[in-house]
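Protein chains: 2
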Amino acid sequence: MTDETGAYHHGDLRAALLAEAAAMIAEGGAASVTMRAIGQRLGVSRAAPYRHFADKTALLVAVAAAGFDRLKSRLQTIDTGAPRSSVEQLRRMGEEYVRFAVENPAHYRLMYGKEALTRQDRPELSEAAIALFEQLVSVIQAHQKSGGIKRQDPRAQAYVAWSAMHGLASLWIEGHILATDDIDGLIRQTTRTVLDGMRVRRSR
Amino acid sequence: MTDETGAYHHGDLRAALLAEAAAMIAEGGAASVTMRAIGQRLGVSRAAPYRHFADKTALLVAVAAAGFDRLKSRLQTIDTGAPRSSVEQLRRMGEEYVRFAVENPAHYRLMYGKEALTRQDRPELSEAAIALFEQLVSVIQAHQKSGGIKRQDPRAQAYVAWSAMHGLASLWIEGHILATDDIDGLIRQTTRTVLDGMRVRRSR
DNA sequence: CCGGGAGTGTTGACGATGTCAACATACAGC
DNA sequence: GCTGTATGTTGACATCGTCAACACTCCCGG
Chain A
1 MTDETGAYHH GDLRAALLAE AAAMIAEGGA ASVTMRAIGQ RLGVSRAAPY RHFADKTALL
61 VAVAAAGFDR LKSRLQTIDT GAPRSSVEQL RRMGEEYVRF AVENPAHYRL MYGKEALTRQ
121 DRPELSEAAI ALFEQLVSVI QAHQKSGGIK RQDPRAQAYV AWSAMHGLAS LWIEGHILAT
181 DDIDGLIRQT TRTVLDGMRV RRSR
Chain B
205 MTDETGAYHH GDLRAALLAE AAAMIAEGGA ASVTMRAIGQ RLGVSRAAPY RHFADKTALL
265 VAVAAAGFDR LKSRLQTIDT GAPRSSVEQL RRMGEEYVRF AVENPAHYRL MYGKEALTRQ
325 DRPELSEAAI ALFEQLVSVI QAHQKSGGIK RQDPRAQAYV AWSAMHGLAS LWIEGHILAT
385 DDIDGLIRQT TRTVLDGMRV RRSR
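Heads up: the protein sequence lines correspond to chains A and B, in order.
Per my numbering, residue 1 is the first one in the first sequence, and the count goes up by one each step.
Per my numbering, residue 205 is the first one in the second sequence, and the count goes up by one each step.
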C-alpha cells in the first residue's frame, strides 16, 4: 500500500469515510450521517473519524467540496465537448447543472446548505464553489467575444445565470415546483429565458 | 383576556414562542433555537412549548410559514402600490423579494431549508409558499394581458422568475457572491435580465 | 359556592449525539 | 529489535429532544 494518505489499520479510512458519508447522504440525507453510524458501517469505532477530520462538520465540508468538484467536471465535459461558438452550449451547461442537482438532491443540498455545516468560513468549500463559478465566467467571456451575449461585466452575468440555475434546482429539490411531470421543459425554458435576457439584440 | 388562543398561566405562550423563536433565529441562526433555551428566555420550562407545538419541528415550521406570510405582504404592498401597467412593477417586486432575504438571512434560510425541518410534508409550510407563488402568477398574468411579457404558461414563467430571485437570494446569503459592495446593482441586473428574457419583442 | 375536569406548566428521566481524554495497537525507520 | 508516531478504541460528559408523571390554575355545571 503506502498510499500518500496512509493505510494503517483500516486501509485508508479517510477515503472510506468520504465515500460512506456520501452514500449515507444519498440514502437518508445529511441528517442521517452520524459519527456513530458511519463508524459502524465501516467497522470502526465512533471516534475513529476524528483521526482524519477535526469534527463532523469538517467531514461534511469535505464531502460537499467533492460534490462541487464532481459538478465542475461534469460541466467541463460539456464545455469541451462542443465548440464554444453557439450559446447553445451555455444553455446545455445550465441544463446539466440542474440535472446534477435533481439527480443528487441531498448532496446538492449539503453543498449549499451552510446552516448544516458551519457558521465559520470553510475555505475548502468556498474554493470549490469559486472554481465552479470561475469556470462559468470563462465560458461567458468566450461567448461575449464571439458576439453571442452582451458585453457586460462577465462576473455579474455569471452570477445572474448561476442564480437562475441554482434557484431552479433548489426550488425543485425542496418540492416547491409542482409541475412535477415536466421538469425538463421547465429547465429548458429557464435557460432560454435567461440567455435571451443576456443576448445581443437590436431592439431596446 | 380570553383570546382565541388562550391566555392561562403565561399569557399566550404560543405567540411568545413564535416571536422568541424568530428573534433567536435572527440573532444566532436556526441552530441556536433550542427547546431549553427558548424556554429559559421566556421564563418557562423546557417542556412547556410542547403544550403548543407537537415538536420542535412544528414550531420552526410555524415560524417559517410566518416568514412566507410576511414576505407575501411585503410584495403585496408593491403590487398594489402602483398600477400594473408597467413591467417596472414586476421588477420592483423581484428586487423587494431579494431585499427581504438579505435583511432576514437566517429566517429566509429556514423558510427554504427543508433539511433542517422535516423529511415529511408539512402542509402548513407548503401552503404558505404556494400562496406566495400564486401571487406571483397573478401578477404575471396581468402583465401578459397588458402586453408586457410573452403569453406563455404563466406558471412556468413564474417558476423561472422565482428561481432567479430565490437563487440570487440564496447565493448571497450563503456567501457565494463576492461582489459584496454592489448587491443592489446585481439585484437590478438580475431582474432586468430575466424580464428581458420574458418580454415581448420583435426580433427573433 | 364549590368541586371536578380540562388546559397549562414542571420535573425527572431516557436515549441519541458530538466530542474529548486516556489508553491500546500497529506500522516505519533506525 | 526498539522506539516513536500514526491510527484506532473505550469510557465519560454535556447537550439535546422528548415523554410520562405530577402539579397548578382556571372555568363551568351543579
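Quick reminder that beta carbons are idealized off the backbone N, C-alpha and C, glycines included.
In chain order, V160 and S163 make up the part of chain A whose C-beta sits under 7 Å from the C-beta of T394 (chain B).
In summary, the residues of the segment 121–151 of chain A whose CB is separated from some CB of chain B by less than 7 Å are A129, in the order they occur in the chain. M35 (chain A) is outside the set of residues whose beta carbon lies under 8 Å from a beta carbon in chain B. A straight line joining the alpha-carbon of D69 (chain A) with that of M35 (chain A) spans about 24 Å. Along the segment 265–286 of chain B, none of the residues has a CB nearer than 9 Å to a CB of chain A.
Excluding five sequence positions before and after A268 (chain B), the CB atoms of its chain that fall closer than 6 Å to its own CB belong to L314, M315 and L329, given in chain order. Contact check for L75 (chain A) against H143 (chain A) fails: the beta carbons are separated by 8 Å or more.
Chain B places a beta carbon closer than 8 Å to that of R155 (chain A), counting this residue as a contact.
Interface annotation, Y316 (chain B): in contact with chain A, CB-CB separation under 8 Å. For L222 (chain B), the enclosing alpha helix (DSSP H) stretches over residues L217 to G232. When only Cα atoms are considered, G147 (chain A) and L222 (chain B) end up about 53 Å apart. Across the structure, A333 (chain B) and K114 (chain A) are spaced so that their CA atoms are roughly 22 Å apart. If the five residues before and after I25 (chain A) are omitted, its C-beta is found closer than 8 Å to the C-beta atoms of S32, V33, V63, A106, H107 and L110, all from its own chain and listed in chain order.
At a cut-off of 8 Å between C-beta atoms, H214 (chain B) does not count as an interface residue with respect to chain A. Given a length threshold of 4 residues, each whole run of the alpha helix (DSSP H) inside the segment 37–116 of chain A is given here in chain order: 56–81, 88–103 and 105–112.
With respect to G29 (chain A), M369 (chain B) sits apart: the two C-beta atoms are not nearer than 8 Å.
Close partners of H176 (chain A) in chain B (Cβ separation under 7 Å): A333. Proximity of S290 (chain B) to chain A, defined by a Cβ-Cβ separation below 8 Å, is not satisfied. In this structure the segment 177–194 of chain A touches the segment 356–363 of chain B; the number of beta carbon pairs closer than 8 Å is three or more.
Of the residues assessed, P123 (chain A) falls on the exposed side of the cut-off, its CB having fewer than 16 other CB atoms within 10 angstroms.
T394 (chain B) sits buried, since 16 or more C-beta atoms from the chains shown fall within 10 Å of its C-beta. One thing to note: V404 (chain B) has its Cβ within 8 Å of the Cβ of I353 (chain B). V102 (chain A) is positioned such that its CB atom lies closer than 8 Å to that of A169 (chain A). With a cutoff of 8 Å on beta-carbon distance, A220 (chain B) and H213 (chain B) are scored as not near each other.
Per the coordinates, the alpha-carbon of V343 (chain B) lies some 19 Å from the alpha-carbon of R392 (chain B).
With fewer than 16 other Cβ atoms from the protein chains shown falling within 10 Å of its own Cβ, K349 (chain B) counts as exposed. Annotation for G175 (chain A): no alpha helix (DSSP H) segment contains it, and DSSP assigns it neither H nor E. Annotation for D388 (chain B): the continuous alpha helix (DSSP H) segment containing it runs I387 to M402. Within the same chain, L217 come within 8 Å of R255 (chain B) by CB-CB distance, once the 5 residues on both sides are set aside. For I334 (chain B), the enclosing alpha helix (DSSP H) begins and ends at P327 to K349. In this structure P253 (chain B) is not in contact with L264 (chain B), their Cβ atoms being roughly 11 Å apart against a cut-off of 8 Å. The Cβ atoms of F53 (chain A) and L71 (chain A) do not sit closer than 8 Å to each other. Buried is the label assigned to D400 (chain B), since at least 16 other Cβ atoms lie within 10 Å of its Cβ.
Contact note: T57 (chain A) does not reach chain B at a C-beta cutoff of 7 Å; the least C-beta distance is about 11 Å.
At a beta-carbon threshold of 8 Å, the residues of chain A lying near L372 (chain B) are Y159, V160, S163 and G167, ordered along the chain.
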